[in-house]
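First comes the structure, then the notes that go with it.
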Amino acid sequence: MRLNFAPEDFVGIAKRRFFWAAIPFLIIAIAGLIYVKSLPPMYESTATLIVEDQQIRDNYVQSAVSTDAEQRLQALAARVTARDNLLVLADELNLFRDEGLTGNQRAERLRDSAWISVNRISNSRRFNAPSSITVRIGYRNENPALAQRVTNRLLTDFMNRSVEDRTEIAAETTEFLSEQEADTRRALDTVIGEIGRIKQENPQALPDNRDLYTRALDRLAGEQSRLDASLDSARQELRILEAGRPVYLSAAGGQNSAEQELRIKRRQLETLERDYQPSYPDVIAAKEELMALERDLDPPAYRRRVSREIDYLTRQISEARRGSAEFTSLTARKESLERDLANMPADTPSTSLTEYQYNTQIQRLQAQISNLERQRAAIDDEIQENESRLGAIPVVEGQLYRLEREKEQLESDLARRRQNRTSAETTEAMEEQAKAEQLRIIEQPIRPDSPVSPDKPRLALMIFAVAAVVGLASALFPEVMLPRVRTTKHVHELVPGIKVIEVPRFKTTGVRIQNMAAFAAASAVTLVLSLGFAWTALSALT
């Protein structure tokens, strides 16, 4: 193997290996040009869209689509170029039907030829200006009309899906917010019902009654103190009366004066009854005074007189007109006398009037004490009841406080969600009326006039480069892999330090004829290949 070549070596190689490089170069170039010529022309139809902002300011109506427009359009492009959608498109336009391809193969062929790109264009001329988003849709095919039809179909599908997606998102947002509002309203109704139930089940333990119970306890405490004082006074009076029994019964003078007064009152009443009617006021007053004395001094006489008076009042009531003032007065007097008669003790004094009066006072004090004790017990019960109600208020108040806070929160959530739902409905209406962000066509898909591929000059240059590399490799391969000694320089490189004398080589006539024939044949082949190369290049590149 030899790798070190001098410039004169390359000149010699070029002379010796010219046809070794030219013939492979021409053969490969002709074959490549024939391949380029056989490639069918591909026509490309494109459409360009631009994303326009919504026509109504965001301050008034917020968009329902919160995702970035570029990301949303890229996802939409992936959906449009999905397998199922491409199969539907291929069936509608009868693409690749005669080629015997399967569904997946047809979809892949269509996906390889169709493309959708989303690009963001920065407005660099304006400081802090928002960038614009454009969408380019294209399709390549041998038939320019078909390329236009497919591009137009992809464009229509892309725009329709964009509108449907935005409208669907707005509708789903409205539905979701409506469901949230309904859920919040149901929760609020539940809390209101729970508050009503607690108030209905605990009417006496409501926080609003705390002041009422507190004032009632203050009043009952005062009443309790008053009753305690009255009880102490009555008990003290009873003890004093019981302790002074001998002294009281020994005082007979009081009995004579009281009996004398009783006799005087009876004579006065008899005189008045002779001169006046029983309904005369003085007669009635005298009867009242006499009955008051007889009740304490002569109970049997009191009972008889009261019975006679009741009979008299009964006759008067039967004669009076019902509903009149006289009827009302007579009825009230009769009922009062009946109560007094019913409350009179059944026993009568067994010894003397003084002892009877003493016993009557004892009984009165005992009855008073018993009545005060009943009132005291009733007040204690009422105090206990009010205290128990006050004790139950904190529990109910805690439940109501929690529910009221929950109610306020739900009312706030309901108002917010109602506002969100109203805004979503407005957004949905804006989407339906095409007032939101939308795609505007700035370049319609047209029928292409010239093919965009294959790029024959570029392919030809690539083929020429490959052919040149192969030709050079063919020429250099023998020189590198099978080196030969051709000059004295080569000998000195192999055997340094030895003097070499170059002897010229003489070719015979037969050798010269053979070399000339080989050169002529190679030249003819090269010429033919050159002509074929020129014709092929002319036909392939024009």
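Reminder that position 445 of the sequence shown reads as 557 in this note's numbering, one-by-one numbering, no gaps.
Glycine is no exception: its CB is placed at the ideal position from the N, C-alpha and C atoms.
query, result
"Tell me where the alpha helix (DSSP H) around N627 begins and ends.", "621-653"
"If I measure Cβ to Cβ from A634 and keep anything under 6 Å in the same chain, skipping five residues before and after, which residues do I get?", "F131"
"What residue range does the alpha helix (DSSP H) around R184 cover?", "181-192"
"For L648, count the other beta carbons within 10 Å of its own beta carbon; 16 or more makes it buried, fewer makes it exposed. Which is it?", "The question names Leu, but residue 648 in the sequence shown is Thr. It counts as buried."
"Please state whether DSSP places L213 in a helix, a strand or coil.", "coil"
"Tell me whether R232 sits in a helix, a strand or coil according to DSSP, three-state version.", "strand"
"Using 10 angstroms around the beta-carbon of D423, count the other beta-carbons present and answer buried if the total reaches 16, otherwise exposed.", "exposed"
"With DSSP as the reference, please indicate the residues paired to I162 in a beta bridge.", "T246, R552"
"Are three or more beta carbon pairs between the segment 190-209 and the segment 284-296 nearer than 8 Å?", "no"
"Tell me which same chain residues have a C-beta within less than 7 Å of the C-beta of R347, skipping the five on either side of it?", "I481"
"If we require 4 or more residues per run, which alpha helix (DSSP H) segments fall completely within the segment 302-389?", "322-355, 357-362, 365-387"
"Taking the alpha-carbon of V148 as reference, which of A413, E450, I575, R624 has the nearest alpha-carbon?", "I575"
"Between which residues of its own chain and M403 is the CB-CB distance below 7 Å, once the five residues before and five after are set aside?", "Y414, R417, V418"
"Grouping DSSP H, G and I as helix and E and B as strand, with all else coil, what is E254?", "coil"
"Closest to R298 by C-alpha separation, out of R488, E523, A202, would be which residue?", "E523"
"Could you tell me the distance, in whole angstroms, from the CA atom of A176 to the CA atom of I281?", "Only weak support is given to the placement of A176: the predicted model assigns it a pLDDT of 49, under 50, and the question is left unresolved by the model."
"Provide the residue span of the alpha helix (DSSP H) that contains Y414, from first to last.", "411-431"
"For the putative contact between T263 and G250, defined by C-beta atoms under 8 Å, what is the C-beta separation to the nearest angstrom?", "6 Å"
"Quick one: Cα of Q380 to Cα of P393, how far?", "14 Å"
"Decide yes or no for the touch test of the segment 484-492 against the segment 323-342: beta carbon pairs closer than 8 Å, at least 3 of them.", "yes"
"In terms of residue numbering, what span does the alpha helix (DSSP H) encompassing L138 cover?", "130-150"
"Report the rounded CA-to-CA distance for R657 versus L502, giving the unit in angstroms.", "The displayed coordinates of the chain run from 113 to 654. Any statement about residue 657 would go beyond what the structure contains."
"In the DSSP output, which residue or residues are listed as bridge partners for A226?", "Y251"
"Per DSSP, what kind of secondary structure is A126 in: helix, strand or coil?", "helix"
"Am I right that I233 and K519 are in contact with their C-beta atoms under 8 Å? What's the rounded C-beta distance?", "About 53 Å; that fails the 8 Å criterion."
"Run through the segment 502-585 for me and flag every whole beta strand (DSSP E) of 3 or more residues, listed as ranges in chain order.", "550-555"
"Apart from the five residues on each side of it in sequence, which residues of its chain come closer than 7 Å, Cβ to Cβ, to I135?", "V637, T638, L641"
"Anyone know if the C-beta pair for R223 and L213 falls short of 8 Å?", "no"
"Mind checking who E156 pairs with in its DSSP beta bridge?", "R252"
"Is the separation between the beta-carbon of M154 and that of P563 shorter than 8 Å?", "yes"
"Just checking my contact of P566 with L151 at CB under 8 Å: how many whole Å lie between their CB atoms?", "5 Å"
"Candidates L442, N314, A257, I228: which alpha carbon is nearest R191's?", "I228"
"With a CB to CB cut of under 6 Å and the five nearest residues on each side skipped, what residues in its chain are close to F239?", "Low confidence applies to F239: its pLDDT is 46, below 50, so where it sits in the model is not reliable, and the reading given next is rough at best. Excluding residues within five positions, none has a Cβ falling inside 6 Å."
"Answer with buried or exposed for Q531, where buried requires no fewer than 16 other C-beta atoms within 10 angstroms of its C-beta.", "exposed"
"Pick helix, strand or coil for L201, following the three-state DSSP scheme.", "helix"
"By the DSSP assignment, the alpha helix (DSSP H) with D441 in it spans what residues?", "Rather than Asp, the amino acid found at residue 441 in this sequence is Ser. Start and end: 437-455."
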